[in-house]
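Quick notes on the structure that follows.
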Amino acid sequence: MDPQRSQSRAPIVPSRRRSGAQSPGKIPLSSSPRVKRKPDPIDAEVGRRIRARRVSMEMSQTDLGQALGVTYQQVQKYEAGRSKVGAGRLQSIANVLEVPLSYFFEIPSARDDSGNARLSAGRSLADFVSSPMGRALNRGFARINDSEVRRAYLGLVTRIAEREGNRKQDAGE
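Reminder that position 71 of the sequence shown reads as 77 in my numbering, one-by-one numbering, no gaps.
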């Protein structure tokens with residue numbers, strides 16, 4: 007061996023760990039327990055609104071996914087709140103679903119004074135609107151062209167809802 011070449015090389019130091027050996031105190035990734043992340047209430051509400059609008063347009067998850075360039079499974083994750091929707095992606099979703107970006111954030115006081123999530127009223131409304139009865143009701147209402155008939159219908163529904171609310175109050179619910 008050439009003496010000049012051997013001086014220019016850094017000495018080779020053998021590794022202390024053998025192949026496959028673990029550092030003390032380290033848990034291998036494969037055996038660590040998976041912690042399921044609970045969806046953030048705001049992410050869940052945005053997901054419900056995505057689903058409600060998609061269903062009201064009679065669009066499948068596959069169709070929405072293709073329009074966005076993602077899989078239907080990813081759309082499922084967005085709708086369930088298991089995957090956060092970035093700003094750019096949400097704008098694309100709004101464009102495909104033909105709604106303004108603000109549609110996803112019209113959440114009346116989503117947090118109470120202490121900062122805790124409070125979405126039960128919005129959640130139940132979104133759940134109803136995306137239900138078969140809610141979709142049928144909305145489609146039927148949308149087909150009424152006469153504004154006076156619409157107002158009369160709205161008045162009727164409001165009075166029935168108030169009566170129902172009073173009945174529940176009287177019963178102590």
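Just so you know, even glycine gets a beta-carbon here, dropped at the ideal spot from N, CA and C.
None of these values were measured; they are calculated from a predicted model.
Out of the options, state which residue places its alpha-carbon closest to the alpha-carbon of residue i.
i	options	result
A86	M65, L162, I56	I56
K44	D69, G71, K83, T68	K83
F110	D152, Y78, A50	A50
R88	L160, V105, D46	D46
K90	D133, M139, I48	I48
R54	G92, G161, E168, S137	S137
Would you kindly report the start and end of the unbroken alpha helix (DSSP H) that includes residue i?
i	result
S98	93 to 102
Does the distance from the CB of residue i to the CB of residue j come in under 9 Å?
i	j	result
R60	L96	no
V81	T68	yes
V135	A58	yes
S62	N144	yes
S98	L74	yes
R156	F147	yes
* Asked: Which whole runs of the alpha helix (DSSP H) in the stretch 130 to 163 are 4 residues long or more, in chain order?
  -> Listed in chain order, they are 138 to 148.
* Which full runs of the alpha helix (DSSP H) of 4+ residues lie inside the stretch 38 to 78, going along the chain? -> As for any alpha helix (DSSP H) of minimum length 4 sitting wholly inside the stretch 38 to 78, the runs are 47 to 62, 67 to 74, ordered along the chain.
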